[in-house]
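Trainee: Position 107 of the sequence shown, counted from 1, bears residue number 107 in the UniProt record's numbering, the numbering being contiguous throughout.
Just so you know, even glycine gets a beta-carbon here, dropped at the ideal spot from N, CA and C.
One structure, pasted below without further comment.
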Amino acid sequence: MDSMFEPDADRSPRLSVGDPELSKTRRLARECDTCIFKPGNPMHLDPGRLKQMVSEARGDAGYIICHSTLPYAGSPVPPALCRGFADRYRTWQLQVMERIWGFVDVEPPDPNPARTPECPGDTHHA
Numbered sequence: 001m002d003s004m005f006e007p008d009a010d011r012s013p014r015l016s017v018g019d020p021e022l023s024k025t026r027r028l029a030r031e032c033d034t035c036i037f038k039p040g041n042p043m044h045l046d047p048g049r050l051k052q053m054v055s056e057a058r059g060d061a062g063y064i065i066c067h068s069t070l071p072y073a074g075s076p077v078p079p080a081l082c083r084g085f086a087d088r089y090r091t092w093q094l095q096v097m098e099r100i101w102g103f104v105d106v107e108p109p110d111p112n113p114a115r116t117p118e119c120p121g122d123t124h125h126a
């Protein structure tokens, strides 16, 4: 079998940022509240970790998936491109995605799951 289709034993499978219904690439409409690119290190990344992630993304990967849309985060939003990365870097992979499929911007998940769409500003508890 062609090795191109065999899973790489050294890597975990890449999550899809493609929207099969729209045939577009999901990208966050704005940076999430804890974007790794926000000042003050809201994700508490170890020193040098952001630089490492950017180097990897600018190389082989081509993009960063927003941590708030990862399945283990319990996100109702499927995996989507990190808006912070997409606004700062123009990798060839992002350029291909844009030219071939285009982007569909999706809202980041609400960091406060207790809030509901019916009362988006309601932060008091019963």
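Within 10 Å of its beta-carbon, does Ala29 have 16 or more other beta-carbons around it, so buried, or fewer, so exposed?
Mentor: Locating residue 29 in the sequence shown gives position 29, where the first residue counts as 1. So Ala29 ends up on the exposed side.
Trainee: Judging by CA-CA distance, which residue of Val104, Tyr63, Lys38 and Pro108 is the nearest neighbour of Pro20?
Mentor: Working through the sequence shown from its first residue, we reach residue 20 at position 20. Taking only the C-alpha atoms, the option nearest Pro20 is Val104.
Trainee: Do you know how far the Cα of Pro79 is from the Cα of Val106?
Mentor: Position 106 of the sequence shown, counting from 1, holds the residue named residue 106. Position 79 of the sequence shown, counting from 1, holds the residue named residue 79. Their Cα atoms are separated by approximately 10 Å.
Trainee: In terms of residue numbering, what span does the beta strand (DSSP E) encompassing Leu50 cover?
Mentor: Within the sequence shown, residue 50 is the residue found at index 50, counting from 1. That residue, Leu50, is in no beta strand (DSSP E); its alpha helix (DSSP H) goes Arg49 to Glu56.
Trainee: In angstroms with no decimal places, state the Cα-to-Cα distance between Cys35 and His67.
Mentor: To locate residue 35, count along the sequence shown from 1; it is residue 35. To locate residue 67, count along the sequence shown from 1; it is residue 67. So the two alpha carbons sit approximately 8 Å from each other.
Trainee: Please classify Asp87: does DSSP put it in a helix, a strand, or coil?
Mentor: To locate residue 87, count along the sequence shown from 1; it is residue 87. Here Asp87 sits in helix by DSSP.
Trainee: Return the CA-CA distance between Asp87 and Ala57, expressed in angstroms with no decimal places.
Mentor: On the sequence shown, residue 87 is found 87 positions in, with the first residue counted as 1. On the sequence shown, residue 57 is found 57 positions in, with the first residue counted as 1. Going by the C-alpha atoms only, they are around 13 Å apart.
Trainee: Do Tyr63 and Leu45 come within 7 Å of each other at the CB atom, strictly closer than that value?
Mentor: On the sequence shown, position 45 is the one that residue 45 refers to. On the sequence shown, position 63 is the one that residue 63 refers to. Not a contact, by the Cβ cut-off of 7 Å.
Trainee: Taking the continuous alpha helix (DSSP H) assigned at Leu28, which residues delimit it?
Mentor: Taking the sequence shown and counting its residues from 1, the one referred to as residue 28 is at position 28. Here Leu28 belongs to no alpha helix (DSSP H); instead the beta strand (DSSP E) covers Lys24 to Leu28.
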